[in-house]
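Peer 1:
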Amino acid sequence: MSQAKAGDTIAMHYSGSLADGTTFDSSQGREPLEFQLGSGQIIPGLDSALHGMEQGDKKQVKIAPEQAYGDRDPARVQAVPREQIPADIPVDPGTQLQMQTPDGQAIPVMVTESNDTEVTIDANHPLAGQELTFDVEIVEIK
């Protein structure tokens, strides 16, 4: 059997969980995830952990934040004056919005706090700063 290497297309089933055991994503009940190993399509820590695995192999992998979605960056949390957000846009905590950078790039943000005068938004990835655990099974290597 061949071992997974950069450039191979991998099909895998996976389940991702947080340190407290909460599952944040899983391929259970869906088709396996397909991607090209070494292409940057999945987080770096998981990509590197799959090298050398063979079809049918199963593994549990713990991935530190710097090899996943990075550490939380306090500079990516900002308070915005409420009047800068259109009145018809909901600003309840937990609401996901999309902001635009000066060069036109769309950035997903989450509302963390809001009141009559300002809205606090967080542009960090929701999984930033978290150690992630993945249970993976290689279904196919192409």
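Here the sequence shown is numbered in the numbering used here, starting from 596 and rising by one per residue. Note that CB positions come from ideal geometry on N, CA and C, so glycine has one too. Quick caveat: nothing in here was measured; it's all calculated off a predicted structure.
Can you find the residues in the same chain that come closer than 6 Å, C-beta to C-beta, to Ala-663, ignoring five residues on each side of it along the sequence?
Peer 2: If we look at Ala-663 and ignore the five residues flanking it on each side, its Cβ neighbours are Ile-638, Gly-640, Leu-727.
Peer 1: So, at 8 Å on beta carbons, what are the nonlocal neighbours of Phe-630 in its own chain, with the 5 sequence-adjacent residues on each side left out?
Peer 2: If we look at Phe-630 and ignore the five residues flanking it on each side, its Cβ neighbours are Thr-604, Ile-605, Gln-636, Ile-637.
Peer 1: When burial is assigned at 16 or more other CB atoms within 10 Å of the CB, is Gly-611 buried or exposed?
Peer 2: Per the 10 Å Cβ criterion, buried.
Peer 1: Do the CB positions of Ile-702 and Gln-691 come within less than 8 Å of each other?
Peer 2: Taking 8 Å as the Cβ cut-off, Ile-702 and Gln-691 do not qualify as a contacting pair.
Peer 1: Consult DSSP for Gly-611 and reduce its assignment to one of helix, strand or coil.
Peer 2: If DSSP states are grouped into helix, strand and coil, Gly-611 belongs with the strands.
Peer 1: In three-state DSSP terms, what is Asp-730?
Peer 2: It is a strand residue.
Peer 1: Using three-state DSSP, classify Ala-723 as helix, strand or coil.
Peer 2: Looking at Ala-723 - three-state DSSP - the assignment turns out to be coil, as it is neither helix nor strand.
Peer 1: Tell me the DSSP secondary structure of Glu-713 in three-state form.
Peer 2: Reduced to three states, the DSSP call for Glu-713 is strand.
Peer 1: Going by beta carbon distance, what residues of the same chain come within less than 7 Å of Asp-620, once the five residues before and after it are set aside?
Peer 2: Same-chain partners within the cutoff: Gly-611.
Peer 1: Return the chain-ordered ranges of every beta strand (DSSP E) run that is complete within the stretch 649-707 and spans a minimum of 3 residues.
Peer 2: Complete beta strand (DSSP E) runs here, min 3: 653-658, 672-676, 691-695.
Peer 1: So, at 7 Å on beta carbons, what are the nonlocal neighbours of Glu-735 in its own chain, with the 5 sequence-adjacent residues on each side left out?
Peer 2: Excluding sequence neighbours, Glu-735 sits near Ala-606, Gln-650.
Peer 1: Ignore the nearest five residues each way along the sequence and tell me which others in Phe-696's own chain have a CB closer than 8 Å to its CB.
Peer 2: With the sequence shown as reference, residue 696 is identified as Thr, and Phe is not the correct amino acid for it. Answer for Thr-696: Ile-702, listed in chain order.
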